[in-house]
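Notes follow the structure.
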Amino acid sequence: MYTFDSPAGMQNDESDSGASTYTMLVLFASFSVGMLALAAKYAESNNRLNYESRLARIIAGALVFIINMWHTKADDLTINNTEKDLIAIGPHCTSVEALVVASKMKGNPPQFLATTNFNSIPGIASTLKMFKTIPVEGDKAKASDGRSANFAALERASQALNENGCVVLFPQGNFRLLGKEPPMVYSGAAKLAIEHKIPVKVLGLSGIWCVNNSLLPVWLRDNKVYRALFSLIHMNNIKVTECGTIDFHLREENKDLSEEEKIRGICAELYSHFRHHEISDKELKAIKKEIADKTHLTIWDTKVRVNSLERQLLNSKKELAKLEEPTAAGMSLSS
1 MYTFDSPAGM
11 QNDESDSGAS
21 TYTMLVLFAS
31 FSVGMLALAA
41 KYAESNNRLN
51 YESRLARIIA
61 GALVFIINMW
71 HTKADDLTIN
81 NTEKDLIAIG
91 PHCTSVEALV
101 VASKMKGNPP
111 QFLATTNFNS
121 IPGIASTLKM
131 FKTIPVEGDK
141 AKASDGRSAN
151 FAALERASQA
161 LNENGCVVLF
171 PQGNFRLLGK
181 EPPMVYSGAA
191 KLAIEHKIPV
201 KVLGLSGIWC
211 VNNSLLPVWL
221 RDNKVYRALF
231 SLIHMNNIKV
241 TECGTIDFHL
251 REENKDLSEE
261 EKIRGICAEL
271 YSHFRHHEIS
281 DKELKAIKKE
291 IADKTHLTIW
301 DTKVRVNSLE
311 RQLLNSKKEL
321 AKLEEPTAAG
331 MSLSS
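Under the UniProt record's numbering, the residues of the sequence shown are numbered 1 to 335, in order.
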């Protein structure tokens with residue numbers, strides 16, 4: 001004999017099935033939340049910087065894990081006691097370098113000077129703000145009030161130093177491109193050091209494989225988006241070398257020098273370090289000899305003159321082209 005389920009029985013089965021599905025979803029959600037909580041706790045345990053925001057500590061810890069696994073050797077260097085420190089890093093090639101240096105710091109969080117060129121990418125501006133970076137207006141020579149574009153950045157950096165913060169900057173300003181001279185934006189660091197009567201701590205970098213990988217085309221390795229973002233997915237072996245301090249402006253024999261002369265002395269030492277493609281122990285030995293012999297001052301002065309002559313030549317070529325425009329236009333009409 002055939003039997004049929006009653007409507008009430010079918011409803012009970014559907015209710016049981018719905019309850020089971022709901023229970024599974026609750027269990028899965030609870031498991032996911034628990035795993036995320038454990039992952040967040042582990043990430044936070046990797047962080048060694050005193051960020052106020054827990055989210056910042058979690059993200060920083062996660063980045064330390066990635067950086068140590070993919071870009072540098074863990075625990076080869078620890079940078080402590082960074083209260084009211086002014087740190088200069090170079091040569092500047094990618095955004096990875098800032099993460100590597102931060103991963104080796106402990107205690108006082110560093111405040112990096114960072115360009116605003118990539119703030120249009122979703123999430124970049126808010127992330128930089130969370131980590132209290134100091135924005136530098138990108139692609140601008142002058143601000144709206146006629147002052148230099150990085151004037152506001154230097155003011156904020158000065159305020160951070162007044163509050164015993166740690167200011168970290170790349171004195172070259174922009175990425176060093178392959179086969180080209182690195183930028184020479186050193187005066188900002190020099191002025192901060194003189195204003196606050198503190199030395200400049202110099203950190204040198206080497207082992208930046210993502211830029212030196214000859215298997216990748218030059219146009220890609222020189223691309224700013226690749227340097228800033230996608231260099232994170234290329235393995236590196238970045239070593240951070242402590243190069244000592246620049247205290248030219250603090251020495252007793254230099255106390256009566258003008259501010260311009262002090263800036264010259266600091267800039268010359270910075271250029272002595274950061275004109276090299278990388279700074280390892282070998283380069284550092286040559287740099288120290290160059291500074292001890294005071295050859296670095298002559299090199300800096302000569303480089304400044306060369307840059308001035310190159311700008312004059314470029315301006316003269318522009319003026320010449322403008323003067324020749326009417327003649328060229330007349331010849332075009334007559335033909």
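In this text, a Cβ means the ideal position worked out from N, Cα and C, and glycines have one as well.
Could you check where the beta strand (DSSP E) with residue 74 kicks off and where it finishes? No beta strand (DSSP E) contains residue 74, which DSSP labels as neither H nor E.
With DSSP as the reference, identify every bridge partner of residue 84, one or two as the case may be. In the DSSP output, where bridge partners are listed per residue, residue 84 has none listed.
Just grab the DSSP bridge partners of residue 206 for me. 239
Strand pairing of residue 135, partner residues [DSSP]: 114
Continuous alpha helix (DSSP H) assignments of at least 4 residues falling wholly in the stretch 243-329: 259-274 and 281-292
Tell me, please, which residues DSSP counts as bridged to residue 169. 88
Residue range of the alpha helix (DSSP H) that residue 197 falls in? That residue, residue 197, is in no alpha helix (DSSP H); it is neither H nor E in DSSP.
Does the beta-carbon distance from residue 238 to residue 188 come in below 7 Å? no
To the nearest angstrom, how far is the alpha carbon of residue 125 from that of residue 317? 39 Å
Of the residues 150, 157, 193 and 71, the one placed nearest residue 133, counting alpha carbons only: 157
DSSP on residue 107, reduced to helix/strand/coil? strand
Endpoints, alpha helix (DSSP H) assigned at residue 129: 124-130
State the Cα-Cα distance for the pair residue 40 and residue 130, rounded to the nearest angstrom. 17 Å
Please tell me whether residue 227 and residue 116 are closer than 7 Å, where the distance is taken between their beta carbons. no
Determine, using beta-carbon pairs with one atom in the stretch 171-188 and one in the stretch 216-225, whether at least three such pairs fall under 8 Å. yes
Simplified DSSP state of residue 4, which is helix, strand or coil: Bear in mind that the predicted position of residue 4 carries a pLDDT of just 48, short of 50, making it unreliable; the figure below should be weighed with that in mind. Three-state result, residue 4: coil.
For residue 67, which residues from the same chain have a beta carbon less than 7 Å from its beta carbon, with the 5 sequence-adjacent residues on both sides left out? 99, 100 and 103
Is it true that the stretch 268-280 meets the stretch 199-206, where meeting means three or more beta-carbon pairs spaced less than 8 Å apart? yes
DSSP on residue 41, reduced to helix/strand/coil? helix
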